[in-house]
Each structure stands twice: as C-alpha cells, then as structure tokens.
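K.L.:
Here you go:
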C-alpha cells in the first residue's frame with residue numbers, strides 16, 4: 002500500500018494492498034495474494 006491510516010496499521014486498508022507474499026514456517030508453506038502479479042512492472046510510490 003502507498004497509504005497509512007493514523008493507526009499505522011497498513012493491513013486495515015486491504016483494498017490498497019498489492020502483491021503476492023510467500024510464507025514458510027517449518028514444513029508449512031502458504032501464499033497470501035493481495036493482487037494479480039504485475040511481473041516486473043513497479044508502481045510509483
């Protein structure tokens with residue numbers, strides 16, 4: 002996200018979240034997808 006609420010909790014504005022995040026904890030793996038992949042394109046911030 003490019004925007005932060007006064008609380009500084011970026012996750013409160015989920016519609017502004019972008020990206021795909023892969024996680025791993027021990028043997029457990031999962032992905033959180035907040036938007037479609039943009040390949041190598043970057044957004045201005």
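In the working numbering, the protein residues as written are 2 to 46. Using N, Cα and C, we set each Cβ at its ideal position, and we do this for glycine too. Treat the numbers as computed from the prediction; the structure is a model and nothing was measured.
State the beta-bridge partners of residue 15 as determined by DSSP.
P.N.:
None, per the DSSP bridge assignment.
K.L.:
Looking only at its chain, what residues have a beta carbon closer than 7 Å to the beta carbon of residue 6, apart from the 5 residues adjacent to it on each side?
P.N.:
13, 14
K.L.:
Hey, quick one: how far does the beta strand (DSSP E) through residue 42 stretch, first residue to last?
P.N.:
No beta strand (DSSP E) contains residue 42, which DSSP labels as neither H nor E.
K.L.:
Using the Cα positions of residue 10 and residue 4, report the straight-line distance between them to the nearest angstrom.
P.N.:
Taking the straight line joining both Cα atoms gives about 10 Å.
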